[in-house]
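Visitor: Can you keep this structure in mind? I'll have questions shortly.
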Ligand code: ZN
C-alpha cells in the first residue's frame, strides 16, 4: 500500500488561510488573526477563480492567486444602479453614502445594495457586489485537508466539529 499526500481536489474539505487585496495592495479581507476558512472543494462555496487555482495544492503550500472580475464577482452592471425616490424609504431614516441596505422588491425578494449617492431627487442604490469589476489578489495557504464525509458531500458544505449544524 502506498500513501500519497492529500491534495486539493473535489470532495476534500480544505482549510485555507488567505489574505485578499486590491490591486493597490489594500487589504479587503483576511483570515489571519481569525479563524481559517473551511470549505468543500468543488462545491462552488468560494469564488470560481480562487477554487480553480487551488487544485493540486498540498498542506503547507502557499500560492499567490490573481482572479479576474469574470471569475470573481463579475463586471459592474450599469443597469444595477437605480435612483429611488426618498418617499420609498421609511420616514426619519438617515440614509448616507456607503451604507449597505437590505432591499425588498415587489416580489418580496431581498437583495443587498449600497448607497452610492444621496441626491435631492432620491437615493442612488447600487445593487452590484462591492467587489464587482475588481481584479482580486489572494495570498492563499493550505493549512488543512481531509476527505469530506458522505453527509457533507450530499449537502455540498462542511459540517463543523460539533456535528451537523443548520
Ligand atoms: Zn449539512
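Residue numbers (my numbering): 1 to 166.
Every residue, glycine too, gets a C-beta built ideally from N, C-alpha and C.
Fair warning: this is a prediction, and the values are worked out from it, not measured in the lab.
DSSP puts residue 122 in a beta bridge; with which residues?
Guide: In DSSP, residue 122 forms a bridge with 119.
Visitor: Which residue marks the beginning of the beta strand (DSSP E) containing residue 147, and which one marks its end?
Guide: That run of the beta strand (DSSP E) goes 136 to 147.
Visitor: Is any non-hydrogen atom of the ligand ZN found closer than 8 Å to the C-beta of residue 151, if you look at the structure I gave you?
Guide: Within the cutoff, so yes.
Visitor: Determine, using beta carbons only, whether residue 128 and residue 77 come nearer to each other than 9 Å.
Guide: Taking 9 Å as the Cβ cut-off, residue 128 and residue 77 qualify as a contacting pair.
Visitor: Cα separation between residue 81 and residue 124?
Guide: Those two C-alpha atoms are separated by around 7 Å.
Visitor: Among 113, 140, 6 and 14, which one has its Cα closest to the Cα of residue 98?
Guide: For residue 98, the nearest C-alpha among the options comes from 113.
Visitor: Please classify residue 29: does DSSP put it in a helix, a strand, or coil?
Guide: Strand.
Visitor: Considering only the alpha carbon of each residue, which of 36, 37 and 18 lies closest to residue 28?
Guide: The shortest C-alpha separation from residue 28 is found at 18.
Visitor: Beta carbon of residue 86: closer than 8 Å to some heavy atom of the ligand ZN?
Guide: Answer for residue 86: no, Cβ out of range of the ligand ZN.
Visitor: Residue 50 by DSSP, collapsed to three states: which one?
Guide: It is helical.
Visitor: Exposed or buried, which one is residue 51 when buried takes at least 16 other CB atoms within 10 Å?
Guide: By the neighbour-count rule (16 or more Cβ atoms within 10 Å), residue 51 is buried.
Visitor: Just checking, does the stretch 107 to 122 make contact with the stretch 39 to 54 on the three C-beta pairs under 8 Å criterion?
Guide: Flag = no, the stretch 107 to 122 and the stretch 39 to 54 do not touch.
Visitor: Does the pairing of the stretch 51 to 70 with the stretch 84 to 100 give three or more beta-carbon distances under 8 Å?
Guide: With the cut-off at 8 Å, the stretch 51 to 70 and the stretch 84 to 100 do not touch.
Visitor: If you measure from the CB of residue 129, is any heavy atom of the ligand ZN nearer than 8 Å?
Guide: No, the beta carbon of residue 129 sits no closer than 8 Å to any heavy atom of the ligand ZN.
Visitor: Are there 16 or more other CB atoms within 10 angstroms of the CB of residue 83, so buried, or fewer, so exposed?
Guide: Classification of residue 83: exposed, given that the 10 Å Cβ count is below 16.
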